[in-house]
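Every number in this note's numbering is 29 more than the matching position in the sequence shown, counting from 1.
Note sheet for the following structure.
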Amino acid sequence: MQDQDYILFEAYLSRDLSLDDIQIFENRLKTDLAFKDAFQLYKQTSNFLEHQIKNEEKTEAFKKNVEDISSAYFNKQSKTKAKRINPWYYSIAVAAILALGFFVTQQFSNPVYSDYANYGTMDLTVRSAQNDVLNKAEVAFNNRNFKDADMYFSELLKTDNNNMELQFYKAVSLVELNKYEKADALFDVIIQTPSVYKNKAIWYLALSKLKQGDEIACLNVLKTIPKDSEDYKQAQQLIKKLK
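Written out as structure tokens, the structure reads:
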């Protein structure tokens with residue numbers, strides 16, 4: 030489909046076409062199967078967008094965003110016949126095109142580690158005489174300098190080997206460094222030890238398996254995540270994508 034076809038779809042749905050143009054449009058629906066299929070998909074997407082944007086505040090913000098997009102998107106397009114169409118319809122068309130692309134990508138793309146590894150900013154709760162090393166570990170990890178972070182965690186664990194928090198972040202660093210055997214072994218230790226990091230370790234062990242390309246092992250680990258885990262919902266979504 031051409032960009033102008035999507036604009037035409039929106040104009041038709043918004044009843045902004047002339048009677049002659051409506052007749053031409055509906056005749057094309059009868060004779061052009063690809064055009065008809067694209068229109069049906071567009072209509073479904075348009076309905077979804079309308080459902081999602083209900084209150085006035087969100088609508089106004091949405092309008093501004095898509096109008097900005099449409100301005101850049103169509104600034105080189107022909108302005109002849111389309112001049113009769115409300116500019117807002119261009120914006121809706123762009124939004125639907127973007128939404129279609131997003132849905133297709135989400136539907137058919139394989140899940141990857143980076144989609145789920147959202148560990149955010151690390152803020153270590155542990156404090157000791159090694160505060161300088163702790164600070165360096167935090168800075169290195171938060172800057173995604175996992176090689177240095179791993180080194181600092183190893184140093185800290187020499188004097189605090191049972192600290193589950195340090196072990197967890199060291200394991201995550203090892204996954205990022207593709208040192209899977211060491212990472213998975215450390216996750217197993219955390220999982221076998223009662224702590225607040227147990228469920229999180231299960232989740233990241235599954236992600237480690239995902240990064241390694243072992244989807245069967247990933248699924249098996251995901252199925253052990255308890256319902257009260259904060260990662261349970263994501264785990265169920267990932268299970269569906271892997272099946």
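Every residue gets a Cβ at the ideal spot worked out from N, C-alpha and C, and that includes glycine.
- The shortest C-alpha to C-alpha distance from LEU70 to any of ASN249, GLU210, ASP34 is the one to ASP34.
- TRP232 and ALA264 have their C-alpha atoms some 7 Å from each other.
- C-alpha of ASN147 to C-alpha of LYS211: approximately 21 Å in a straight line.
- Bounds of the alpha helix (DSSP H) holding ASP161 are 160 to 171.
- Look at the stretch 31 to 56 and you find no whole run of beta strand (DSSP E) that is 3 residues long or longer.
- A straight-line Cα-Cα distance of about 42 Å links VAL250 and PHE68.
- In this model, LEU271 and VAL225 are separated by some 27 Å (Cα to Cα).
- Rounded to whole angstroms, the gap between the alpha carbons of GLU194 and ALA200 is 10 Å.
- Closest in alpha carbon position to LEU206, among PHE175, PRO223, ASP144, is PHE175.
- Judged by DSSP secondary structure, ASN228 falls within the alpha helix (DSSP H) whose first and last residues are 227 to 240.
- In summary, SER47 is exposed, with fewer than 16 beta-carbon neighbours lying within 10 Å of its beta-carbon over all protein chains present.
- Burial state of ASN191 is exposed, judged by a 10 Å Cβ sphere holding fewer than 16 other Cβ atoms.
- Beyond the five residues adjoining it in sequence on each side, MET151 comes within less than 7 Å, by CB distance, of GLU167, PHE170, ASN171, TYR198 in the same chain, given in chain order.
- With respect to the C-alpha of ALA235, the residue from PHE64, TYR142, ASP61 having the closest C-alpha is TYR142.
- In terms of Cβ geometry, LEU186 and GLN196 form a close pair [threshold 8 Å].
- In the DSSP assignment, LEU251 falls within the unbroken alpha helix (DSSP H) covering 244 to 251.
- Counting along the chain, VAL204 sits inside the alpha helix (DSSP H) bounded by residues 193 to 205.
- Cα atoms of LEU163 and LYS262: separation of roughly 32 Å, rounded to the nearest angstrom.
- Spanning the alpha carbons of TYR209 and LYS238 requires a straight line of approximately 8 Å.
- Rounded to the nearest whole angstrom, the C-alpha separation of ASP144 and LYS65 is 34 Å.
- In the DSSP assignment, GLU259 falls outside any alpha helix (DSSP H), carrying neither H nor E.
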